[in-house]
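Anchor point for the sequence shown: position 170 equals 276 in the numbering used here, and the numbering is continuous, going up by one each time.
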Amino acid sequence: MLCAIANKLWVAVSNRHLFFGVFFLCMSYAGLIELIQSKIGREASWEDIYLDAAGTSIACLCYGAYYRFSKQRYGLLSLVILIAAISFSKPLYYGYASYVYRQEFPILFDGEKNILNDFVGIQTPASLSIEAAPEQWVNNRSQVAAVTFASGDWPAFELTEPFSKWNGYQYLTVDIYNPHVKEISLHLRVHDKQHNHSYNDRFNKVYSLPHGPSTLKILLDYIKNQPKTRKLDMHNIDNIMFFMSNPSAEYIVYFDNIQLTQ
Ligand SMILES: [Ca+2]
């Protein structure tokens, strides 16, 4: 009996060393991959490091639980369940948000459902707030995107993961409200998933927006035919971006009802 307990303790201590050894080795490998990614044009991500740590911990804890006494085993397995639940909560949330987003299509943004507002974002030096339309926008009493384009190189408002299959529609329409007395110039760019990041490989257009409300109604065929050497793949649209080119002052612009129409 005593021999059996001593043997289990020895295994437990040995496995603790093994646990930390394997964890250290896996995390060194994960860190190295992130470091290499940051040098070859991809972005290093703390979230990837966290997920690597969570996966490694789950594997090691499951292995450790196999060698523990029953009470310790339940503790380790509880820890496994907790780490897995935390790790999967975000992907599950975004999976559900993507499902809701698909149901809303051909609306790409209207500000009305909080779960869908993660599909819009900014590039600094812009800032974004989802809020009630301003009083002056008399025909709009709904939620809109209030985007502040601060002075700087390319402040932008973007739809980072729009529903990609645009076939079967004729127009991209966008409601915009310019509260400033002066006309503003707003750039729009649209690219697909095979975009090579060059200017001539995407849709680019500058729109002059007078004070008050405007609706952009852009023929999708016009967007499709804009790249110089090919046609945009309308089954695989990847990004829609509104931006200002080096604004000298700060401008707030309101966006709503970004959608495809017939
Ligand atoms: Ca709205």
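A virtual CB, placed ideally from N, CA and C, is assigned to each residue, including glycine.
When you compare only the Cα positions, how much space is there between residue i and residue j?
i: residue 290; j: residue 126; result: 59 Å
i: residue 259; j: residue 351; result: 6 Å
i: residue 307; j: residue 363; result: 26 Å
i: residue 246; j: residue 239; result: 6 Å
i: residue 216; j: residue 250; result: 7 Å
i: residue 115; j: residue 178; result: Here the model assigns residue 115 a pLDDT of 49, short of 50, so the residue's position is not dependable and the matter cannot be decided.
i: residue 378; j: residue 230; result: Here the chain covers residues 107 to 368 and nothing more, so residue 378 does not appear.
i: residue 272; j: residue 164; result: 41 Å
i: residue 237; j: residue 355; result: 22 Å
i: residue 182; j: residue 172; result: 10 Å
i: residue 141; j: residue 207; result: 34 Å
i: residue 149; j: residue 155; result: 12 Å
i: residue 223; j: residue 152; result: 23 Å
By the DSSP assignment, the beta strand (DSSP E) with residue i in it spans what residues?
i: residue 153; result: From DSSP, residue 153 is part of no beta strand (DSSP E) but of the alpha helix (DSSP H) over 152-173.
i: residue 335; result: Element bounds for residue 335: n/a, residue is neither H nor E.
i: residue 67; result: Examination of residue 67 is not possible in this model, given that the chain is present from 107 through 368 alone.
i: residue 347; result: 343-349
Please confirm if residue i has its CB atom under 8 Å from at least one CB of chain B.
i: residue 306; result: Reference to chain B is not applicable here, since this structure consists of a single protein chain.
For residue i, count neighbouring Cβ atoms within 10 angstroms of its own Cβ and tell me buried if that reaches 16, exposed if not.
i: residue 316; result: exposed
i: residue 264; result: buried
i: residue 284; result: buried
i: residue 312; result: exposed
i: residue 329; result: buried
i: residue 287; result: exposed
i: residue 199; result: exposed
i: residue 191; result: exposed
From which residue to which residue does the alpha helix (DSSP H) around residue i run?
i: residue 329; result: 326-330
Report all residues from its chain with a CB closer than 6 Å to the CB of residue i; omit the five preceding and five following residues, and keep chain order.
i: residue 368; result: 276
Among the options, which one has its Cα closest to the Cα of residue i?
i: residue 292; options: 318, 262 and 279; result: 262
i: residue 348; options: 337, 366, 324 and 294; result: 294
i: residue 157; options: 180, 148, 194 and 173; result: 194
i: residue 310; options: 225, 331, 321 and 222; result: 331
i: residue 326; options: 274, 124, 218 and 256; result: 274
i: residue 359; options: 234, 135, 180 and 161; result: 234
Leaving aside the five residues before and after residue i along the sequence, list all residues of the same chain whose C-beta is less than 8 Å from its C-beta, in chain order.
i: residue 300; result: 339 and 342
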